[in-house]
Amino acid sequence: MVSAERKTDHTKARNRRVHTSRNFWAGLLFGAGTFSVLEQSIFHFFLQWHHFYEGNGLQAMLMGEGIYQLIGWGLTVLSLWVAADLATRKAFWPSRFFGSLLIGGGIMLFWDSLIFRQLLQLHTVKDVSNLLFYESLWLGTGAFLIVIGWAVLRESSKSQD
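End of the sequence shown = 161 in UniProt numbering, gap-free, step of one.
Okay, structure coming up:
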């Protein structure tokens, strides 16, 4: 006789397999949205190292910050809605969600540095003596999050939690 701890909920395992991509996308969106909100709260508001858009005066800066904040929160809320739906279907996969959350955060850091700051030059970093070091640290952190997230995803696929 198999003990209760060792029994496998085959429905949950099957549901997780069916909704693997939804778990991934929920975590990815949650990571991107959460890291966006954290980045803006810490670096834009508290430290005031930069703002999303600094051209054309205070009104344009506030509008840019509001749009950036709205997108970050929108991604976060959307991902939580998908995660809640997965939970009601007994298909939520915590380790897969967490792994893709890290990947989403890493992608957001890459996107912020390469697209917003380097390519579009929407916001330049202020009060940093060595900009190359700052951007390298930003991109390195993003790469680290992506690698760790990928490892968590690979492990979650093997273990099924």
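Glycine included, every Cβ here is placed at the ideal spot set by N, Cα and C.
Within 10 angstroms of the beta-carbon of residue 34 lie 16 or more other beta-carbons, which makes it buried. When Cβ pairs closer than 8 Å are counted between the two stretches, the segment 87 to 104 is seen not to touch the segment 54 to 65, the count staying below three. Between the C-alpha atoms of residue 103 and residue 90 there is a straight-line separation of about 24 Å. Put simply, the backbone Cα of residue 24 is about 22 Å away from that of residue 70.
The Cβ atoms of residue 79 and residue 30 sit closer than 8 Å to each other. As summarised for the segment 36 to 71, there are no continuous alpha helix (DSSP H) elements at least 4 residues long confined to that stretch. Residue 59 and residue 118 have their C-alpha atoms spaced approximately 23 Å apart. Comparing alpha-carbon positions, the option among 158, 92 and 76 lying closest to residue 36 turns out to be 76.
Annotation note: the segment 80 to 145 contains the following uninterrupted alpha helix (DSSP H) runs of length 4 or greater, listed N- to C-terminal: 94 to 110.
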